[in-house]
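*Asks:*
In the numbering used here, the protein residues as written are -11 to 96.
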């Protein structure tokens, strides 16, 4: 296995824990369901990583699971567009998981 952290969402789900009172297993299942139902997401992540521009929340675990073991890049909340573009290029980012409010900070 090239990245042992790719199993982190599965391990967290199996551990029976919770994030903000939401079962980790449910959050991970939501990430896998997102992958199953979104062919564009699967294509965007093919051979690339996901990027997370999210506040600390249960959505982080769901997004991590939706990265399907490709790894994820944690983006700085205060990054400007040029900096984020450079990070995307350097890390091979194919998809960004974020909130509507934070999407305004993303490059086009």
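Beta carbons are placed, not taken as given, at the ideal position from N, Cα and C, and that holds for glycine.
Bear in mind the structure is a predicted one, so any value in this text is a computation, not a measurement.
Using only alpha-carbon positions, find the residue among 27, 59, 85 that is nearest to residue 46.
*Replies:* Position 58 of the chain shown, counted from the start, is the residue given in the question as residue 46. When each option's Cα is compared against that of residue 46, the closest is 85.
*Asks:* The alpha helix (DSSP H) that contains residue 99, what's its start and end?
*Replies:* Summary: the structure shown does not reach residue 99, with the chain confined to residues -11 through 96, and so no result is reported for it.
*Asks:* Compute the Euclidean distance between the alpha carbons of residue 83 and residue 5, then round it to the nearest angstrom.
*Replies:* Start at 1 with the first residue of the chain shown, and residue 83 comes out as number 95. Start at 1 with the first residue of the chain shown, and residue 5 comes out as number 17. Their Cα atoms are separated by approximately 27 Å.
*Asks:* With C-beta atoms as the reference, is residue 40 less than 8 Å away from residue 62?
*Replies:* Translated into the one-based positions of the chain shown, residue 40 becomes position 52. Translated into the one-based positions of the chain shown, residue 62 becomes position 74. Going by C-beta atoms, residue 40 is nearer than 8 Å to residue 62.
*Asks:* If contact is defined by three or more beta carbon pairs under 8 Å, each pair taking one atom from either stretch, is the region -2 to 12 in contact with the region 42 to 60?
*Replies:* Touching, yes.
*Asks:* State buried or exposed for residue -3, treating a residue as buried only when at least 16 other CB atoms are found within 10 Å of its CB.
*Replies:* For the purposes of this step, residue -3 is identified with residue 9 of the chain shown, where counting begins at 1. Around the beta carbon of residue -3, a 10 Å sphere encloses 16 or more other beta carbons of the protein chains shown; the residue is thus reported as buried.
*Asks:* Under 7 Å Cβ to Cβ from residue 23, same chain only, skipping five residues before and after it: list those, please.
*Replies:* Taking the first residue of the chain shown as 1, we reach residue 23 at position 35. These residues qualify, in order along the chain: 29, 30, 54, 56.
*Asks:* At the level of alpha carbons, what is the spacing between residue 94 and residue 3?
*Replies:* As a position in the chain shown, residue 94 is number 106, starting the count at 1. As a position in the chain shown, residue 3 is number 15, starting the count at 1. About 34 Å.
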